[in-house]
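Down below is the structure, laid out as structure tokens.
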Amino acid sequence: MRSFLLKRLPSGLLVLVLASFLVFLILRLIPGDPATSLAGPDAGPEAVAAIRGRLGLDQPLLTQYVGWIGDLLTGNLGPSYAIGGRISDLIGNGIGATAQLTLGALLLVILIALPLGVLGATTRRRPVAAAVRAFTTAVLAVPPFVTGVLLVLLFAVTLRLLPAGGHESLLDQPDLAVQYLLMPALCLALPSAAVLARYLKDGLERALAEDYVRTATALGVSRRRIVWQHALPNALPSTITVLGLQIGHLIAGAVLVERIFAWPGLGQLIEQGVIRRDYPVVQDLLLLIVAVHVAVQLLTDLVYAWLDPRIRWE
Amino acid sequence: MTALTTPSAEAPRRTARAHRNRYLAGLLTGRGLTGLTLVGLLALAGLFAPLLTDLDPDAQSALALAGPSADHPFGTDDLGRDLFSRVLHGIGTDLAITFSAVPVGALLGCSFALLAASSRWADVTVQRAFDLLLAFPGIILALAVTAVLGPGRWPVLIVIALAEIPGFGRQLRAGILVQREREYALAARVGGASRLRVLLRHVVPNAADPLIVQTAVALSIGVFIEGAMSFLGLGVRPPEPTLGSILSQSVAYLSTHPTFAAAPLAATTALVLGFTLIAEALNRGIRR
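Residue numbers (the working numbering), protein chains in the order written: chain A, 1 to 314; chain B, 315 to 602.
Listed below in structure tokens is the structure:
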């Protein structure tokens with residue numbers, strides 16, 4: 001296990017360091033510098049130079065980079081340019097809502113994919129198998145923003161069951177908060193659930209074709225027990241890898257879903273940052289998202305190795 | 315020596331032709347034909363949009379948010395623009411963007427895969443580059459690119475092309491690794507063909523088969539990315555219509571004027587479903 005960790009950790013860290021270079025550099029490639037646009041069209045060169053000095057833009061690139069990483073590691077994110085307020089506070093305000101959305105979606109992914117995958121692999125009725133396949137194909141083919149609009153039309157406009165958008169605090173009004181959460185989380189979860197269900201179904205079908213399943217059947221072990229206790233644990237490791245990849249998609253997809261359902265999370269913040277050209281906000285959030293993404297991949301590899309000892313010895 | 319290479323080098327060429335036939339067989343199933351029809355009809359509608367309607371997609375009128383009528387088959391949007399004309403032109407814009415960006419991404423991805431095949435060192439570098447690109451999932455890539463370039467048509471093209479690079483690159487790299495160890499490739503080497511010639515003439519044509527499926531998938535991802543960027547206000551600038559921008563405009567009026575969303579919703583769904591069906595049909599064709 002330790003040697004496995006030692007082998008995987010460097011490449012994950014390398015990607016993270018390269019990504020931080022990339023995020024840092026691309027935001028300095030921007031035509032026209034932020035100090036000029038911040039100072040406004042009437043500002044004289046002294047005012048621009050003053051702003052540049054305050055933002056540290058007159059320092060050499062390497063000094064700026066090291067300062068930025070240092071600030072990130074100490075949690076001192078500094079002020080935003082255009083949105084107003086300290087970036088730490090802005091992120092603190094949004095991170096709860098985004099965490100609620102992605103974790104809610106993750107829960108739904110598992111709740112949808114597990115029964116669907118098992119059903120697809122074990123059913124002997126052709127129409128059921130065809131329905132599972134059609135559902136996963138349709139959900140995967142349709143972009144999340146189309147699913148979102150359809151969900152609003154169905155649950156908010158036609159059935160009037162759920163609010164079309166907005167957010168409530170989970171601590172103040174739990175029942176209302178869940179109502180607000182349900183549609184965005186479902187919209188975010190559906191594509192990943194379909195992918196996961198497909199992989200689980202394939203893995204389970206492969207496992208069910210193995211010799212030990214035939215042996216167990218011959219020994220009189222019940223079908224239910226074979227599926228859940230013998231085949232599923234063998235199908236799970238590869239499914240976990242896919243789940244890890246899908247968590248990355250959930251984090252990225254949240255930006256879009258937050259937009260559709262007016263969900264006040266980090267996605268809205270980074271979008272505002274891009275549109276209003278608030279580079280420190282964009283820079284910090286991009287790296288935060290990429291770091292979480294890379295960390296989840298690494299974690300997934302570890303869980304895989306823990307579940308499937310064969311991997312550790314390769 | 316020639317006696318040894320000729321039959322072995324002939325064999326894969328025959329399988330390549332058989333593969334092409336299997337693609338055709340895959341496309342000529344119900345699934346494939348449905349996909350082709352959907353994409354074909356929408357492409358024709360987008361291409362001949364100026365002939366199908368005389369109404370300017372950007373011309374505003376006082377008749378805002380009207381339902382379907384004889385003059386406006388899909389109704390009008392919040393600025394009184396004809397939705398039939400906007401959706402047709404939007405399909406045209408979407409297809410123009412995806413059909414120009416996807417080949418660029420495919421070409422870059424395949425070039426990287428070829429580069430990776432040249433040496434161990436290049437392979438590691440290219441792999442890390444793909445990892446780096448994949449660390450920025452679709453929408454995050456869009457945010458990073460538009461943070462630098464601002465919103466518009468070019469950033470959409472660039473994001474789609476960049477997002478497609480790792481998919482094509484990894485696919486071709488995996489294919490090359492498998493095919494390069496096959497007997498016909500070794501035989502060609504023994505027969506005196508240079509490494510480059512073996513790679514380009516023998517290995518790549520046989521490794522490239524899955525790329526056709528990848529292309530169909532990539533086209534639907536292109537429509538995804540265009541739509542997502544429009545929703546975030548980072549896409550093609552208004553007033554030029556795209557499917558994503560019309561749909562995102564309609565979201566504010568879903569509860570009061572649901573017919574506004576109907577046409578862009580149907581067109582987007584039909585387009586991505588068409589690409590997906592084609593991809594599935596091709597995939598089944600080669601697996602058979």
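Virtual Cβ for every residue (Gly too), placed ideally from N, Cα, C.
Assigned exposure category for residue i - 16 Cβ within 10 Å defines buried
i        : result
A/LYS7   : exposed
B/GLY588 : buried
B/MET315 : Interpretation of B/MET315 is limited by its pLDDT of 36, a score under 50 that renders its predicted location unreliable; the figure taken from the coordinates is listed afterwards. Exposed: under 16 other Cβ atoms inside 10 Å.
A/GLN283 : buried
A/GLU258 : buried
A/PRO144 : buried
B/GLY492 : Correcting the residue type first, residue 492 of chain B is Val in the shown sequence and not Gly. By the 10 Å Cβ count, B/VAL492 comes out exposed.
B/ASN335 : exposed
B/VAL517 : buried
A/ASP89  : exposed
B/ALA317 : The pLDDT assigned to B/ALA317 is 39, lower than 50, so where the model puts this residue is not dependable; a value taken from the coordinates is nonetheless given after this. So B/ALA317 ends up on the exposed side.
B/PHE413 : exposed
A/SER169 : exposed
Span separating the alpha-carbon of residue i from that of residue j
i        : j        : result
B/GLU478 : B/SER569 : 36 Å
A/GLN173 : A/GLY166 : 14 Å
A/PHE135 : B/THR348 : 17 Å
B/THR529 : B/ALA593 : 8 Å
A/SER20  : B/LEU591 : 39 Å
A/VAL281 : A/GLY273 : 6 Å
B/ALA580 : B/ILE539 : 17 Å
A/ALA207 : B/GLY464 : 50 Å
B/VAL473 : B/PRO417 : 13 Å
A/SER238 : A/LEU286 : 29 Å
A/LEU116 : A/LEU256 : 26 Å
A/ALA113 : B/PRO382 : 39 Å
B/LEU525 : B/GLN563 : 35 Å
A/LEU106 : A/ASP42  : 50 Å
A/SER80  : A/ASP71  : 14 Å
A/VAL146 : A/CYS187 : 9 Å
A/ASN234 : B/VAL353 : 40 Å
A/TYR291 : A/VAL303 : It is worth fixing the name first, because residue 291 of chain A is Ala in this sequence and not Tyr. Cα to Cα, A/ALA291 sits roughly 18 Å from A/VAL303.
Cutoff 8 Å: residue i Cβ touching any chain B Cβ
i        : result
A/VAL152 : yes
A/GLY253 : yes
A/VAL242 : no
A/HIS167 : no
A/ILE270 : yes
A/LEU302 : no
A/VAL48  : no
Interface residues of chain A facing residue i [CB-CB closer than 8 Å]
i        : result
B/THR460 : VAL274
B/SER534 : ALA141
B/ARG487 : Within chain A, no residue comes near B/ARG487; the closest Cβ sits about 17 Å away, beyond 8 Å.
B/ARG598 : What B/ARG598 touches in chain A: nothing, since even the nearest Cβ is about 12 Å away.
B/LEU579 : VAL146, VAL149, LEU150
Neighbour list for residue i in chain B, Cβ cutoff strictly below 7 Å
i        : result
A/HIS249 : PRO451
A/ILE26  : ALA458, VAL462
Start and end residues, alpha helix (DSSP H) containing residue i
i        : result
B/PHE574 : 573-601
B/ASP396 : B/ASP396 -> no alpha helix (DSSP H), and no H or E assigned at all.
A/ALA82  : No alpha helix (DSSP H) holds A/ALA82; DSSP gives it neither H nor E.
A/LEU286 : 279-307
B/GLN441 : 434-448
A/VAL255 : 232-260
B/GLY558 : 557-564
A/ASP71  : 61-74
A/SER192 : 174-208
A/LEU161 : No alpha helix (DSSP H) holds A/LEU161; DSSP gives it neither H nor E.
B/ILE454 : 452-463
B/VAL550 : First-last for B/VAL550: undefined, no H or E at that position.
A/GLU168 : Where A/GLU168 is concerned, there is no enclosing alpha helix (DSSP H), given that its DSSP letter is neither H nor E.
B/GLY354 : 344-361
A/ASP211 : 211-218
B/ALA501 : 497-504
Min CB distance residue i to chain A below 8 Å
i        : result
B/THR316 : The predicted model places B/THR316 with a pLDDT of 38, which falls under 50 and marks its position as unreliable, so this point remains unresolved.
B/SER432 : no
B/SER569 : yes
B/ALA575 : yes
B/ARG442 : yes
B/LEU429 : no
Per-residue contacts from residue i into chain B (C-beta, under 9 Å)
i        : result
A/THR137 : LEU587, THR590, LEU591, GLU594
A/PHE145 : PHE538, GLY541, ALA542, SER544, PHE545, GLY558, LEU561, SER562, VAL565, THR582
Any chain E beta carbon closer than 8 Å to residue i
i        : result
B/VAL565 : Although the question refers to chain E, the structure presented lacks it and instead comprises the protein chains A and B.
Chain B residues whose Cβ lies nearer than 8 Å to that of residue i
i        : result
A/VAL290 : ALA449, PHE450, ILE454
A/ILE112 : Those do not exist, as A/ILE112 stays about 20 Å from chain B at its closest Cβ, beyond 8 Å.
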